[in-house]
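Take 121 as the starting number for the sequence shown in our numbering and just add one per residue.
I have placed the structure first, in the form of structure tokens, so that the comments after it can refer back to it.
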Amino acid sequence: MSETRDCCCGGGGVTNSEDIKTFIKEKYGQIAEHAAARKETSCCDGGTSKDAITRDLYSDADTAGIPVEALLASMGCANPIALAALNPGEVVLDLGSGGGIDVLLSAKRVGPTGKGYGLDMTDEMLELARKNQAEAGVTNVEFLKGEIENIPLPNNSVDVIISNCVINLSTDKDRVFREAFRVLRPGGRFAVADIVLTKPVSDAVKMHLALWAGCISGALEMSEYKTRLLRAGFTNPDVEVVKTYSVDDAESLVPDDAIRELGEEGVADLMGSFVSAFVRAEKPK
Ligand SMILES: C[S@@+](CC[C@H](N)C(=O)[O-])C[C@H]1O[C@@H](n2cnc3c(N)ncnc32)[C@H](O)[C@@H]1O
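Printed below as a string of structure tokens:
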């Protein structure tokens, strides 16, 4: 069942799941094109500079040998490779791989006997990721077109699922968790970075299309994240906060129309409502 409900919020408002998906594809398609043209990108402004969520996620040592276009297209909220503790020979799947940065970093860790899959629904991102792969000269990687709600891989075929700031964008997260569980091998790990809510957000925030595509409106509350992972069959779910945001970050994260609509108090409340987090869980052996 979809998580959005019909709404008549007018310009910029969520109307249904398909609208959200179309908006996300358009937005991230543009960001991929900006990155391919070597302009810096941002989750919120469609492509001029990194914002408070997406900046400073990787060390220079991490990104040695990664093409600049992959760094420019990077729109995660933390570094899932630091969380995942990947081993040589493992198969890794990145849900919503964007320009490919985390898949290329994973490929280094799992080595020639392992494999990295990236899955994304946006053609421009897939094109950029494949270009970045060729430029980096990495062969143990494959970028797949598809949706994270319907993963195009067989049952029990993946050791580790990573993802970076994507699951919040899905309008059917239960299906994402069921699919992640299905493709993981028994004993496999779910190790993702995501935006999570520390308290509920207002309906005005939930129904704001740009805030949804900017990774905020669709985020789950921490306890809800764990409950849904358990419901999908995972064990030992854990949510660890890695970054918080302040009112000063609103300028780069909250579109002008939302700032006007929410008012000073509403914006302050919103900025204290979400964090970047590592989310871990396991598929039982
Ligand atoms: C915020 S960006 C993150 C990209 C990448 N993980 C990174 O760290 O740079 C979101 C990406 O997820 C993709 N995406 C969003 N929803 C998706 C879905 N339901 N299925 C597949 N890809 C999706 C978008 O096309 C976009 O490339």
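Beta carbons: idealized from backbone N, C-alpha and C, even for Gly.
This one's a predicted model, so the numbers in the text were calculated from it and none came from an experiment.
Cα-Cα separation, residue i to residue j
i           : j           : result
residue 173 : residue 396 : 8 Å
residue 242 : residue 284 : 15 Å
residue 264 : residue 272 : 8 Å
residue 220 : residue 267 : 16 Å
residue 153 : residue 405 : 42 Å
residue 158 : residue 171 : 17 Å
residue 330 : residue 375 : 7 Å
residue 215 : residue 381 : 33 Å
residue 338 : residue 204 : 24 Å
residue 402 : residue 390 : 31 Å
residue 378 : residue 325 : 8 Å
residue 259 : residue 367 : 43 Å
For residue i, the three-state DSSP class (helix, strand or coil)
i           : result
residue 240 : strand
residue 396 : strand
residue 165 : With a pLDDT of only 45 at residue 165, under the threshold of 50, the placement of this residue in the model should not be trusted; the figure read from the coordinates follows. The answer is coil: DSSP assigns residue 165 none of H, G, I, E or B.
residue 309 : strand
residue 200 : helix
residue 268 : coil
residue 153 : helix
residue 230 : helix
Assigned exposure category for residue i - 16 Cβ within 10 Å defines buried
i           : result
residue 372 : buried
residue 180 : exposed
residue 138 : exposed
residue 385 : exposed
Option in the options with minimal Cα separation from residue i
i           : options            : result
residue 211 : 347, 309, 193      : 309
residue 398 : 290, 196, 185, 187 : 196
residue 247 : 262, 234, 294, 233 : 262
residue 208 : 288, 236, 340      : 236
residue 347 : 400, 275, 387, 369 : 400
residue 198 : 367, 388, 360, 244 : 360
7 Å Cβ shell around residue i - same chain, five flanking residues per side excluded
i           : result
residue 183 : 191
residue 256 : 185, 186, 187, 224
residue 233 : 208, 209
residue 200 : 222, 282, 283, 284, 311, 312, 313
Cβ neighbours of residue i in the same chain (closer than 6 Å, five flanking residues each side left out)
i           : result
residue 165 : Here the model assigns residue 165 a pLDDT of 45, short of 50, so the residue's position is not dependable and the matter cannot be decided.
residue 321 : 393
residue 352 : 297, 298, 301
residue 333 : 143, 144, 147
residue 229 : 206
Nonlocal neighbours in the same chain, by C-beta distance under 8 Å from residue i, ignoring five residues either side
i           : result
residue 269 : 290, 292, 295, 296, 299
residue 189 : 155, 156, 158, 219, 248, 251, 252, 255
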